[in-house]
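Below is one structure, written out as structure tokens; comments come after it.
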Amino acid sequence: MYRQATLWFSIFLIGSLVLGACAPAATPTPETKPVETAAEQVPSGEWSLAKAAEPWRGQTLRLIGEALPPLEALEQLKGQFEQITGTKVIIEGLGHEEAVEKVTLDFAGQTGVYDVVLQPHRALGKLVNSGWLRPIDEFYNNPALRDPNFSYEGSLLNTVWFRETNTYQGKVYGLPFHFISMYLWYRYDWFDHPDEQAAFKEKYGYDLPSPPVTWEEYMDVAEFFTRKAGETLAGETLTYDVYGHTWGGARHVTAWYDFLNVIYSFGGRDIALPDNRGDSYGPVVVNSPENLEALKLIIESLKYAPPGVLSSTWDEKQAAQQSGLVAMAIQWDDAAFAVEDPEQSKAAGKVAYSGVPIKKDKMTQIEGWDYLIPTSSKKPELAWLFVQWAMGKDIQIAQMKLGGQSALITTYDDAEVLAIPYVPTSVYLKTGGKTVLSVRKVGDPSGVGVPERYLNAVNPLTGDTSVSIIAKPTFPEEERLTEAIILWVNRALTGEVTPEVALQELEKELKSILPTQ
Amino acid sequence: MSVEAQTFRPISPANKASALSSRRLLTYVSYLLTALLVVLFLFPWLWVLSLGFKTRAEIMSPNIVWFWTPTLNNYIEVLINKGYWRLIINSLIVAVSAVALCIVIGVPTAYAFSRFPIPGKESWFYMILTFRMAPAVVLALPLYVLFARAKLLGTFGAPILAHCTFTLPFVIWLMRSFFDDIPKEIDAAAMTDGYSRWETFLYAILPLVKSGIVAVALFSIIFSWNEFLYGLILTSDATRPVASQIPSLIRPHGTLWGEVCALATTASLPVAFLIFALQRQLVRGLSFGAIKG
Amino acid sequence: MAKITLMNVSKHYKGGEIQALKDITLEIEDGKFFCLLGPAGAGKTTTIKLIAGIEQVDSGQIFMDDQEITDLLPNQRDVAVAFETYALYPQRTVRENLAFPLRAPIRKKEWSEEQIQRRVEEIAHLLGIHELLDRLPRQLSGGQRQRVALGRALVRKPKAYLFDEPIAHLDAKLRHRMRGELRRIQLELGITTIYTTPDQLEALSLADYMAILNEGKIEQVGSPTEIYQRPANVFVARFVGDPPMNILRSEVEGDEISLFGLAKLSLPAAIRSKLTQAEIEKSLMVGVRPRDIRLVSPSSGEALLRGQVKYVQVLGETSILTVTMDSHEVRVKMNTQDAPNRGEAVGLSFAVQDCHFFNPFTEKRLD
Amino acid sequence: MTVLTLKNVWKIYEGNVIGVEDLSIRVEDGELFALLGPSGCGKSSTLRMIAGLEKISKGELWFDDVLVNDLEPRQRNVAMVFENYALYPYLSVYENIAFPLRLRGMSQAEIDRKVRWAADFLGITDLLPLRVRSLSGGQMQAVGIGRAIVRQPAVLLMDEPISHLEARQRARMREELVELHAQLGTTTIYVTHDQVEAMAMAHRIAVMNLGKLQQVGTPKEVYNQPRTKFVGGFIGEPPMNFANCELSSQNGDLFVVSPSFKIKLSPQAAQKLSDYQGDRRVQLGIRPENISVSMTPTDDSFPAKVYVTEPQGDRTLLSVLLDSDELFLIEVAPDFFANPDETVYLKFNEPIHLFDQVEEVNLLY
Amino acid sequence: MSSRRYILWWVLPAAILFLVIILIPFVTALTFSFRSFSFTSSVSTGQYIGVDNYRKLVFDNDFYNSFRVTFLYLVPAIVLQGILGLGMALLIAGAVRRARVLIPIMLLPTLLTPVVIGLIGVLTLNPDFGVIGQLLKKWGLVQGSVLGNASTALPAIIAVDTYQWTPFIAVILTAGLLALPKEPYEAAQVDGANPIQTFFRVTMPLLWPYFIVALLIRVIDAFRIFDIIWVMTRGGPGTATETVAVYAYRHTFRYWDFGYGSALIMVIFVFISILVEYLYKALQRWQAAQ
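Protein chains in written order, with the numbering used here: chain A, -11 to 505; chain B, 300 to 592; chain C, 101 to 467; chain L, 58 to 422; chain G, 2 to 291.
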């Protein structure tokens, strides 16, 4: 019986040698062909999209991305582009992982199905390294294709952010679809309630911090708001247990982001990235005292989180916020719209937004999704024109209103955008603490604006109130690092191993993944 | 003999009565258990169904919501606004075509395996069976490349052929055992009656395995209907089966539970209907005595 | 109508382990009723299958008239087969089963729908299954199914009929009737018919001539009378005739033979000469049919053997006695009225001209 | 050892189909009793009711003095040999025979002893380790019997146990079963459709047809004095011939008249018919051996046309067509020969039987 | 028959399809396993590296763990599903008339795709929002999260898998029960078996082939299916639910390491083919014995 199995195996073995030649090249290395522009010369007269797109009239453009509300906005608005250019745009929206899988396979197979792909910026290294992405400079610098009104220099909220999310080793590969950061979300109706303030003061000897800006305050507040059903909270009797905060405890990417928030704030890093650049390799420093302290704090904080915390991902975190189960959480700003949506959230209008608590750094981490143009696309110019169009103000505002996070400064001129409760904090964080659209004082019933306490909190690292922007790796091994960190953090959170062991093992594993160590 | 004497002592009328009532009790218990099982297996499904009529706030409530005003929003949103009703049609096209193709191709092959002296027959057959378990993960990339070169990506051809990777071995495997159960004399009779091999297969043998084919097809359709990875990576939005689209409802700002449930329950209806319509054939086909391998 | 010839046909099963037919050569004359008689596993069904083309010969040739058909497909041979296992199409009604051969694509032009229906009715009447025409095979008893199977063969007029134990599952009375009918049909149509049966009575009743098959070999070919009266060997002698012929091991003592050492019988001259030819000196096999033995009083001088009645099986008019002497058993067939009771002592007597003599080594007939 | 009594037993199936009608039989202790009839006559239903496999719709079934109507089969201590053997296909021969003993939790040693006894008794000791699949029909039958006798049941039931065997083997098994019964002495009920079997083996035979009991008697009784036309036709090989006739009295003599023949009844027969008030149309029954044939007309003979002749070794069967288009089977000497459609002359010898056209009872019984 | 030369025509379409969509891709994947072929490595170039991937695999403890987990998942799941499926089948087959209606209803869970089943599992088992999770919490059966606890996550997955697949097994066994021969039952009744003895000594042995078929299908699936586990736990907490399928999926579709991923799958494939062959042979032996 074993003999037969091995027989088959050897048949395949022989077959594989024969067919090996037919197999696709393992790493396709297409050279980046110079763009053959139909309109090479500078057009006479004013630039217009219709004219620039003339050669592709009647063609179809395919875009793929994660099915997020801003993508739906794009779907709704793409008609404008189609009308102007006489092309057809097909937008495919998939789940997060599915979008990544499908794009990678499409690139690996060099099928050229997609002209524009939306990918998380952390995939840049993988995509560039495999030769799958076309730098956009060749379009950007081509007057025939570039809208004179569009520029990524000076028009974006933050150039560091842009460098991190859209460039790789000096070349620009895309434009930001999503420019996102994490902030501390809290129920100001509870925090600002006089009964609660009094009770807190009595218990902890200092005023209820609204919001907490240090991790010590965070822990106190988390403990304070953890209540049983039947107890009173903000003047109401609870029908269910309420918790101070929630966390991403499952073996899921949520845990990784949440972990990074704390270690960055504690001054720790997983990889010491030179120049704070994600595309540069640095030494593995994950097993540091700061990180250990951070990890222990996370574990400690789980006492004040709902029972489901160890299996919670961003869905459960979001649900905890929406259902009024928790007093605060650290969450992505592109998810906030759903908390502010009264259709699905009991907390709508009762939430204010602050930054991640401070230890040694007042910081935010960088994240984004990009519009990218693959080398396999057969009509990259049209793709570029579409991306450029999508970066237009109207489109950006429309996406913003559906829950997107625009990178464009001009988006925030719009009055309606400014009225979105989480916008001021988002912009404040993304501009490194430079732009303050509005300020929220304690007791302000609107909840809109950067909380005064956080605004005034000093960054211990710089001595001023600025916000540090922390890059994450984008080199090809990034995904493996992430998975490794998720696994060991999860093991530490569930108590399978001690935090010390987790970080030691993690350090070993990260070193084995990185080629330079 | 003493043993018999013990076992077969005369039974008094009292014992008789109790024996009778215990039999009746057993019937009632079996009814009760059946009902319990139905509830046990139906309840979660019904729960899923009910979630489709709830808002996210009602679904993700810390207190379970038992009574609520049903909303059709999830159905409207997912089926009409997102246009996913088309995906159910896609699923039908893919599953039915793949299964039809595999039946058309696989049934004669199974017959050949059952009847003809194919050299190395059992080894081939075992190999077919083995490949039923070739994981999609390993075949996905090669198939993707293959279909890209054949310009099948974005057409229904790609998922249909990909689903054949598991449907074809399944069909050949099960159908062969159906054929094995049919006496070879039937073939012999038809052939001496003047029918060629092919005519014999068509007129004499196929009618016999009709319900077997139905059963195999139904199971294949279920497998195809539930397939995820091929349906995802080998399709475009125009050809994607519904199962593969469901993860797009898992979003960082919260899974669209209502829509997931609305879509999932709606998507299971066509197959449920098929099974319901063909249940007689299904039971007959399965009890052919043939799925013994 | 055709003459069918088998030339040196051999057939193995299970990868050569089991030899079903060993070098069979047979000629079945045109228009004759030919019976293949033999016990289960003798190779009867295999022979039918080879002639029908359902199975392939390992070696040898098969001819129909002068055309070699060894490699032809069954549908190219134009023979009709009635299978012992019926092989009815379970999902078709009796009517459809009977019409099936006529509906074969190759006969599309020959038979109109009306003709088919008429023919089916005709055959159904003949076989007494006309009331069952709209039933499915599973609603029929074994005997009824067998008649349908037979009907499906008879519905056509092929070059040859091949019947594989076609009436084995009918009840006794019907078997009598069907036997008569089959014989009549064959006589009227004159179609070459090959008929297998394990039942010697059937073969004797029906056959123009017959072959006895045992373990893949032909033991004897001949007319029923020949075979019954002059069995070629012990196997045939015991196989044909009911109850089987008593075979008595005997010692040769000069001109006489001694039966079980109990009785002496003088040898006919013809046999004696054969004995010397065959170099048989001591022992001999003597066969006596149960019908040829008479019961006499044990004390009478006529009694060759004396024994005790062990069983009496009443079969109606006749009874079969099993008489034991020492460790030997002899069966006697006689009228029930005259039958003794169980346990009675009896004497047996028979005439030497009713005896059959066989070579004890080759078991072949001596004269 | 058990006396088995059926009192007015009915089996009524769904849809009011009557399987067994008002059957009363008493089977004596140690008797070998045959239930004989064509398929569907109710004999198997009867047996299955005795086994407890089917419920008795009406009536009473007694084992000695115990009413067993409502007992489960396992409480009746019956053993059964099934037509299709009903062996446990997944067990060896040994385990098949041991099965009933294992159910009773007997010790291994005890089981071994009994199984070996049964196997030895049936001469199948060699087969014990084999799988039942590899056995021949006869061997399977032996195993089925072994399983039945291994626990010495009160009643042994046999349902067509040898009907699937070859003729030659069947003849031998008949003797062996008789021998077996003689040694065990267990009350045995034997169901068969083969009258030869019943005749050859049974002490007494109950002939059934269409759910109704036709006659109970010893083999000789049912052969010589069939109570109904059915029994007459069913028992005997080749079967009894029947002809539609009319009774007519002429000059004080009673004649049986048909288009083909006219026969004068014997005085004894006429005596029996003296107070017969029924239809004048009757059926004449005569066994094949009681017809003599000659090629030339004689006294009392009448002509018939040869249909087929069937030589059978020690006899020849002759089928003839009467003028009334009735087919008669006649047993003639082995050397008899006639061509088809040739005319021969028949003469009926005693005994002849006369059956009522409607009731089909033997008027001369 | 001299149909030998026609055999090819009967099997040709299937053979071509089989070759194109299964064999060639499979062999292609096999060639991957001899290459260094990963998109998430800056040094991987796709070159031929012999059996390095296989060598690496020998020292991969997580791989061994995934095998262990697979069996921890497979064995209880199959036992549970077998027992429940049998119970269900016995009840359904108890009266054929009831069976007709029940079979489509019973199959409803099977019609929810594994992804959905997994999602529903996640939702209902959540102690904060889910109906089952809350009940478990209320009854004190599980403290905290079912899926976040290494000792309860795998049982939870088994439970969800059981929910989905028991009906499938039940349908196969129902068919088996309906097709069982009557005779051995009657023999057993007469032989004196009570209902319990009948069940264990007659029904079970006769039903075994059906069990083996169900087992075969489920074993194969257990090595293939990753969707339910991926959706529910992604192999977590820790690696407590990381089966070989999940592990291979992670390497292939998370790390984009086609070289190592293919090597993993080839080894798994050989392993299952041996397992399946063993089961298949057992099945054939069983049939031969009947």
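In this text, a Cβ means the ideal position worked out from N, Cα and C, and glycines have one as well. The structure displayed is predicted, hence computed values, not measured ones.
**Any beta strand (DSSP E) of 3 or more consecutive residues that is wholly inside the stretch 160 to 195 of chain C** = 179 to 182
**Request:** Please report how far the alpha carbon of K114 of chain A lies from the alpha carbon of E243 of chain G, in whole angstroms.
**Result:** Translated into the one-based positions of the first sequence, residue 114 of chain A becomes position 126. Translated into the one-based positions of the fifth sequence, residue 243 of chain G becomes position 242. Their backbone Cα atoms lie some 25 Å apart in a straight line.
**Message:** I need the DSSP call for D413 of chain L, collapsed to helix, strand or coil.
**Reply:** Against the fourth sequence, residue 413 of chain L aligns to sequence position 356. D413 of chain L falls in the strand class under three-state DSSP.
**Segments assigned beta strand (DSSP E), at least 3 residues, entirely inside the stretch 320 to 395 of chain B** = none
**Item:** Neighbouring residues, chain L, relative to L304 of chain C (Cβ below 7 Å)
**Value:** Taking the first residue of the third sequence as position 1, residue 304 of chain C is located at position 204. Those are P368, Q369 and G370, listed as they occur along chain L.
**Cβ shell of N108 of chain C (< 8 Å), same chain only, five flanking positions each side left out** = Stepping through the third sequence from its first residue, residue 108 of chain C is reached at position 8. Cβ neighbours of N108 of chain C beyond the five flanking positions: D123, I124, T125, S159, G160 and Q161.
**Item:** Whole-Å CB distance - D355 of chain C paired with D454 of chain C, under 8 Å assumed
**Value:** Here residue 355 of chain C is taken as the residue at index 255 of the third sequence, counted from 1. Here residue 454 of chain C is taken as the residue at index 354 of the third sequence, counted from 1. Their Cβ separation, rounded to whole angstroms, is 19 Å, which puts D355 of chain C and D454 of chain C out of contact at 8 Å.
**Message:** I'd like to confirm the pairing. Which residues does DSSP put opposite C135 of chain C in its beta bridges?
**Reply:** Numbered from its first residue, the third sequence carries residue 135 of chain C at position 35. The partner list for C135 of chain C (beta bridge, DSSP) reads C:Y295 and C:M310.
**Message:** Here's a check: name, in chain order, each residue in its chain whose Cβ is nearer than 7 Å to the Cβ of N459 of chain C, leaving out the five neighbours to either side.
**Reply:** The sequence position of residue 459 of chain C within the third sequence is 359, counting from 1. A378, I380 and L466, listed in sequence order.
**Asked** Who pairs with W173 of chain A in a beta bridge, going by DSSP?
**Response** Sequence index remark: in the first sequence, residue 173 of chain A carries index 185 (1-based). The partner list for W173 of chain A (beta bridge, DSSP) reads A:A317 and A:Y341.
**Listed by chain order, chain L residues near E278 of chain G by CB distance under 9 Å** = Locating residue 278 of chain G in the fifth sequence gives position 277, where the first residue counts as 1. In chain order: nothing, as chain L lies at least about 22 Å away.
**Prompt:** D467 of chain C by DSSP, collapsed to three states: which one?
**Reply:** As a position in the third sequence, residue 467 of chain C is number 367, starting the count at 1. In the structure shown, D467 of chain C sits in coil (DSSP, three-state: anything other than H, G, I, E or B).
**Prompt:** Can the beta-carbon of A154 of chain G be found closer than 9 Å to that of P238 of chain G?
**Reply:** Here residue 154 of chain G refers to the residue found at position 153 when the fifth sequence is read from its first residue. Here residue 238 of chain G refers to the residue found at position 237 when the fifth sequence is read from its first residue. Yes; because the gap between Cβ atoms is below 9 Å, this pair is in contact.
**Request:** Return yes when the Cβ of A283 of chain G is within less than 9 Å of the Cβ of I218 of chain G, no when it is not.
**Result:** As a first step, residue 218 of chain G must be located in the fifth sequence, where it is residue number 217. As a first step, residue 283 of chain G must be located in the fifth sequence, where it is residue number 282. Going by C-beta atoms, I218 of chain G is not nearer than 9 Å to A283 of chain G.
**Prompt:** Taking Cβ-Cβ distances shorter than 7 Å, what residues in chain G pair up with A143 of chain L?
**Reply:** On the fourth sequence, residue 143 of chain L is found 86 positions in, with the first residue counted as 1. Within 7 Å Cβ-Cβ: E184, P185, E187 and A188.
**Prompt:** Taking Cβ-Cβ distances shorter than 8 Å, what residues in chain B pair up with W140 of chain G?
**Reply:** As a first step, residue 140 of chain G is located in the fifth sequence; it is residue number 139 there, counting from the start. In chain order: nothing, as chain B lies at least about 14 Å away.
**Asked** DSSP puts Q408 of chain C in a beta bridge; with which residues?
**Response** As a first step, residue 408 of chain C must be located in the third sequence, where it is residue number 308. Looking at the DSSP assignment, Q408 of chain C forms a beta bridge with C:T424 and C:A445.
**Asked** With a CB to CB cut of under 7 Å and the five nearest residues on each side skipped, what residues in its chain are close to K21 of chain A?
**Response** Within the first sequence, residue 21 of chain A is the residue found at index 33, counting from 1. Model confidence at K21 of chain A stands at a pLDDT of 45, short of 50, so the residue's coordinates are unreliable; what they give is reported in the following sentence. Contacts found: none.
**Request:** Starting from the N-terminal side, write out each stretch of the alpha helix (DSSP H) that is 4 residues or longer and does not extend beyond the stretch 302 to 330 of chain L.
**Result:** 324 to 329
**Request:** Determine the direct distance from the alpha carbon of F500 of chain B to that of N406 of chain L, and round the result to whole angstroms.
**Result:** Numbered from its first residue, the fourth sequence carries residue 406 of chain L at position 349. Numbered from its first residue, the second sequence carries residue 500 of chain B at position 201. Their backbone Cα atoms lie some 59 Å apart in a straight line.
**Message:** Please classify R218 of chain C as buried or exposed, where buried requires at least 16 other C-beta atoms within 10 Å of its C-beta.
**Reply:** On the third sequence, position 118 is the one that residue 218 of chain C refers to. Per the 10 Å Cβ criterion, exposed.
**Asked** Going along chain A in order, which residues have a C-beta closer than 8 Å to the C-beta of R69 of chain G?
**Response** Taking the fifth sequence and counting its residues from 1, one reaches residue 69 of chain G at position 68. In chain order: nothing, as chain A lies at least about 15 Å away.
**Request:** Tell me, to the nearest whole angstrom, how far the beta carbon of V414 of chain C is from that of T436 of chain C; I am working on the premise that it is less than 8 Å.
**Result:** Position 314 of the third sequence, counted from the start, is the residue given in the question as residue 414 of chain C. Position 336 of the third sequence, counted from the start, is the residue given in the question as residue 436 of chain C. That belief holds up - the Cβ atoms of V414 of chain C and T436 of chain C are roughly 6 Å apart, short of 8 Å.
**Message:** So, at 8 Å on beta carbons, what are the nonlocal neighbours of V207 of chain L in its own chain, with the 5 sequence-adjacent residues on each side left out?
**Reply:** Position 150 of the fourth sequence, counted from the first residue, corresponds to residue 207 of chain L. Here the set comprises I154, A155, P157, L158, K171, V172, W174 and A175.
**Request:** Find out if the Cβ-Cβ distance for the pair W203 of chain A, I346 of chain A is shorter than 9 Å.
**Result:** Against the first sequence, residue 203 of chain A aligns to sequence position 215. Against the first sequence, residue 346 of chain A aligns to sequence position 358. Result yes, Cβ atoms of W203 of chain A and I346 of chain A sit closer than 9 Å.
**Prompt:** With DSSP run on the structure shown, which of helix, strand or coil describes L362 of chain C?
**Reply:** For this step, residue 362 of chain C is matched to residue 262 along the third sequence. Three-state DSSP puts L362 of chain C in coil, outside helix and strand.
**Message:** I'd like the span of the alpha helix (DSSP H) that includes E152 of chain A, first residue to last.
**Reply:** In the first sequence, residue 152 of chain A corresponds to position 164, counting from 1. Where E152 of chain A is concerned, the enclosing alpha helix (DSSP H) stretches over T147 to N154.
**Prompt:** Would you call G119 of chain G buried or exposed, if buried means 16 or more other Cβ atoms sit within 10 Å of its Cβ?
**Reply:** Residue numbering aside, residue 119 of chain G sits at position 118 when the fifth sequence is read from its first letter. The residue in question, G119 of chain G, is buried, as its Cβ has 16 or more Cβ neighbours within 10 Å.
**Message:** Spatial neighbours of E346 of chain L within its chain, please: C-beta separation below 6 Å, excluding the five flanking residues on both sides.
**Reply:** The residue you call residue 346 of chain L lines up with position 289 of the fourth sequence. Closer than 6 Å at Cβ, skipping near neighbours: E388.
**Request:** Could you tell me the distance, in whole angstroms, from the CA atom of F90 of chain L to the CA atom of R344 of chain L?
**Result:** Position 33 of the fourth sequence, counted from the start, is the residue given in the question as residue 90 of chain L. Position 287 of the fourth sequence, counted from the start, is the residue given in the question as residue 344 of chain L. One C-alpha to the other measures close to 25 Å.
**chain B contact for Y186 of chain C (CB, 9 Å cutoff)** = The count along the third sequence starts at 1 and reaches residue 186 of chain C at position 86. It does: the Cβ of Y186 of chain C has a partner Cβ on chain B nearer than 9 Å.
**Asked** When we look at the beta-carbon of Y327 of chain B and count the other beta-carbons within 10 Å, is it buried (16 or more) or exposed?
**Response** The residue given as residue 327 of chain B occupies position 28 in the second sequence. Exposed, by the Cβ-count rule.
**Asked** F291 of chain L to K374 of chain C, Cα distance in whole Å?
**Response** What you label residue 291 of chain L is simply residue 234 of the fourth sequence in a count that begins at 1. What you label residue 374 of chain C is simply residue 274 of the third sequence in a count that begins at 1. Distance between the alpha carbons of F291 of chain L and K374 of chain C: 48 Å.
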